[in-house]
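Undergrad:
In the working numbering, the protein residues as written are 13 to 146.
Structure below.
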């Protein structure tokens, strides 16, 4: 079962994004929704924050096949931003000495099994893959 929906590129769309993801996960009998919500929220928020100069929608598609859940977040007319290349923060460094940034993407990588990034013709796509427990 695959679903797809477009969302206005604005942080105010997050409630609608959560409703879309939650409805799909409920119909797919997925109960552990927190890590999925967090991962989608972080990627969506990054797409909004770092490509707010264009007004294209962000398209989210979600599909469950067997035990594998795949979520695509797609932003047209975007500048490249490879989330897989962002270094994890130095968590062992005291908080006041840490560099700002990277913690959200670090959590995404902890909560899903794989994060892929594709960029072609100003089209930025992040694919999240998670193996679900039975």
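The beta-carbon is built from N, C-alpha and C at its ideal position, and this holds for glycine as well.
Just so it is clear, the structure is predicted and the values come from calculations on it, not from any experiment.
Ignore the nearest five residues each way along the sequence and tell me which others in residue 91's own chain have a CB closer than 7 Å to its CB.
TA: Stepping through the chain shown from its first residue, residue 91 is reached at position 79. Counting only Cβ-Cβ distances below 7 Å, and skipping sequence neighbours, we find 63.
Undergrad: If you draw a straight line from the alpha carbon of residue 54 to that of residue 96, how long is it in whole angstroms?
TA: Numbered from its first residue, the chain shown carries residue 54 at position 42. Numbered from its first residue, the chain shown carries residue 96 at position 84. Their Cα atoms are separated by approximately 13 Å.
Undergrad: Out of curiosity, what's the CA-to-CA distance linking residue 66 and residue 89?
TA: Walking along the chain shown from the start, residue 66 turns up at place 54. Walking along the chain shown from the start, residue 89 turns up at place 77. About 7 Å.
Undergrad: In the stretch 24-98, which residue ranges form an unbroken beta strand (DSSP E) of at least 3 residues, counting only runs that do not cross its ends?
TA: As far as the stretch 24-98 is concerned, its whole beta strand (DSSP E) runs of at least 3 residues are 70-77, 80-88.
Undergrad: So, residue 37 versus residue 29, is the Cβ gap smaller than 7 Å?
TA: As a position in the chain shown, residue 37 is number 25, starting the count at 1. As a position in the chain shown, residue 29 is number 17, starting the count at 1. Contact flag unset, no.
Undergrad: Just list the residues that DSSP pairs residue 122 with in beta bridges.
TA: On the chain shown, position 110 is the one that residue 122 refers to. In DSSP, residue 122 forms no bridge with anything.
Undergrad: So residue 141 is in the beta strand (DSSP E); what residue range does that whole segment cover?
TA: Residue mapping note: residue 141 aligns to position 129 of the chain shown, counting from 1. Taken as a continuous stretch (DSSP letters only), the beta strand (DSSP E) holding residue 141 covers 135-143.
Undergrad: Give a yes or no on whether the C-beta atoms belonging to residue 84 and residue 139 are separated by under 7 Å.
TA: Here residue 84 refers to the residue found at position 72 of the chain shown. Here residue 139 refers to the residue found at position 127 of the chain shown. Yes, Cβ-Cβ distance for residue 84 and residue 139 is below 7 Å.
Undergrad: Taking buried to mean at least 16 other C-beta atoms within 10 Å of its own C-beta, is residue 58 buried or exposed?
TA: As a working mapping, residue 58 is identified with position 46 in the chain shown. Residue 58 is buried by the Cβ-count criterion.
Undergrad: Give the single residue among 14, 86, 17, 79 whose Cα lies nearest to the Cα of residue 128.
TA: The residue given as residue 128 occupies position 116 in the chain shown. Ranking 14, 86, 17, 79 by Cα distance to residue 128 puts 86 first.
Undergrad: Within 10 angstroms of the Cβ of residue 31, are there 16 or more other Cβ atoms? Answer buried if so, exposed if not.
TA: Indexing the chain shown from 1 puts residue 31 at position 19. It is exposed - the Cβ of residue 31 has fewer than 16 other Cβ atoms within 10 Å.
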